[in-house]
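Engineer: Before I ask anything, here is the structure I am working with.
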Amino acid sequence: MKLYTKTGDKGKTSIIGGRVDKDHLRVEAYGTIDELNSFIGKAVSELDSSKFQDIIEDLTAIQHELFDGGGDLANVMKERHYKLAEEPIAVLENRIDLLSEEAPPLKRFILPGGAPAAATLHIARTIARRAERQTVSLMKEIEDVSPVVQKYLNRLSDYLFAAARVVNYRLSIPDVEYIRSGDVFK
């Protein structure tokens, strides 16, 4: 099997059950999810398993869930069976709570950065927010899009923020507060 098919040379791409323009909102949304998945893979490669096995396991599960969500967005078949369910959202919420308890309390906005893995997680967080915005745009245009994907991406961005903070905390790298921020978290 060759990696190139030449079927996209005229600006169209195949999705599950059809073909669309490569710049279609649907392709933008699941393409951004693919980009997000790649940055999560980069973050995993930057984490030491002796200190971050729990986060590595989370991120690996998330990568599979992102494939499910991307596939759900790419599906235009009349009979659809979505893969991404509500359960992973509850798992993310539980993990966010646990990670938030581990890191020091926040009072102000912080600058993204710190350890390489934390910085990568912050990048992934911003990509998750973009993927969510694109999914919302898609949902406004096309009514038959699974709302679970948007909700999952919303929660995932919170998880990535909490995980980035814990990575820095476990490595004794303090958050850098935004100097012009007042106390916004109470």
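The sequence shown: position 159 = 159 (this note's numbering), numbered continuously.
All C-beta atoms, glycine included, are put in the ideal place defined by N, C-alpha and C.
Taking only three categories from DSSP, how would you classify Asp9?
Structural biologist: Coil.
Engineer: Quick check on the burial criterion: 16 or more other C-beta atoms within 10 angstroms. Buried or exposed for Ala90?
Structural biologist: That one is exposed.
Engineer: Quick one: using the 10 Å Cβ neighbour count with 16 as the cut-off for buried, is Gln53 buried or exposed?
Structural biologist: Counting Cβ neighbours within 10 Å, Gln53 comes out exposed, since fewer than 16 surround it.
Engineer: Within 10 Å of its beta-carbon, does Leu160 have 16 or more other beta-carbons around it, so buried, or fewer, so exposed?
Structural biologist: Result: buried.
Engineer: For Gly71 and Tyr152, I'd like the C-alpha separation in whole angstroms.
Structural biologist: In a straight line, the C-alpha of Gly71 is about 14 Å away from that of Tyr152.
Engineer: Do Leu84 and Ala163 have their CB atoms nearer than 8 Å?
Structural biologist: No, these two residues do not count as a Cβ contact at 8 Å.
Engineer: Looking at C-alpha atoms only, which residue of Glu57, Gln63, Arg19 and Asp48 is the closest neighbour of Met77?
Structural biologist: Ranking the options by Cα distance to Met77, first place goes to Arg19.
Engineer: Determine the closest residue to Lys185 out of Pro104, Val44 and Arg129, with distance taken between C-alpha atoms.
Structural biologist: According to the sequence as given, residue 185 is Phe; it is not Lys. For the residues Pro104, Val44 and Arg129, the minimum Cα distance to Phe185 belongs to Pro104.
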